[in-house]
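Visitor: My structure is below; once you've seen it, I'll send some questions.
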Amino acid sequence: AIVDEWKSKTCKNSLEAVFNHYCSSPTQIKLEKEWQGFFRKNSIEDIRDNMQQLFLYCAEDVRATFEVYQKLYPKFCKRFPHPLTFCGMMEMANVYLPINSNWRHFYDKCEKLSSSSMNEITRKVIQIA
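Letter by letter, the sequence shown follows residues 914 to 1042 in the working numbering.
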């Protein structure tokens, strides 16, 4: 129950979730993520046939990213005014996490550790009370 409450207050880390959180003003942006996998799953002919819709999908993603950036960058600068902080963030943004066959094992291990830690904390709080 406590973990579910915690999870409900965290960001889902998708562009759509971040956009909806920070850009509450109504816009014409429709983030249709079903087009996201189209490039991977379909033939070049299908991509050509749907080029207009795919361009629109990409443009809407760029626009949403721009609107989120406009909201977050001033907050970032206020919280971290030194320019080296921004440079460090840009450098770290170039790093990527390769996902291979070990990813599921890593994820499951982290979930198990998180759950175990939460249970231990709950047990200790009950013990103290």
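Where is the CB? At the ideal position from N, CA and C, for every residue including glycine.
Computed from a prediction, not measured in an experiment: that's the story for all the values here.
By the DSSP assignment, the alpha helix (DSSP H) with Ile-1034 in it spans what residues?
Guide: Counting along the chain, the alpha helix (DSSP H) containing Ile-1034 begins and ends at 1016-1041.
Visitor: Alpha carbon to alpha carbon, how far is Phe-979 from Asn-955? Give it in angstroms, no decimals.
Guide: 28 Å
Visitor: For Pro-996, does the three-state DSSP call read helix, strand or coil?
Guide: Correct three-state label for Pro-996: helix.
Visitor: Report buried or exposed for Tyr-970, applying the criterion of at least 16 other Cβ atoms within 10 angstroms of its Cβ.
Guide: buried
Visitor: Could you pull out every residue in the same chain whose Cβ sits closer than 7 Å to the Cβ of Tyr-935, ignoring the five residues on either side in sequence?
Guide: Val-981, Lys-984 and Leu-985
Visitor: Which value, in whole angstroms, describes the spacing of the CA atoms of Met-1002 and Phe-932?
Guide: 20 Å
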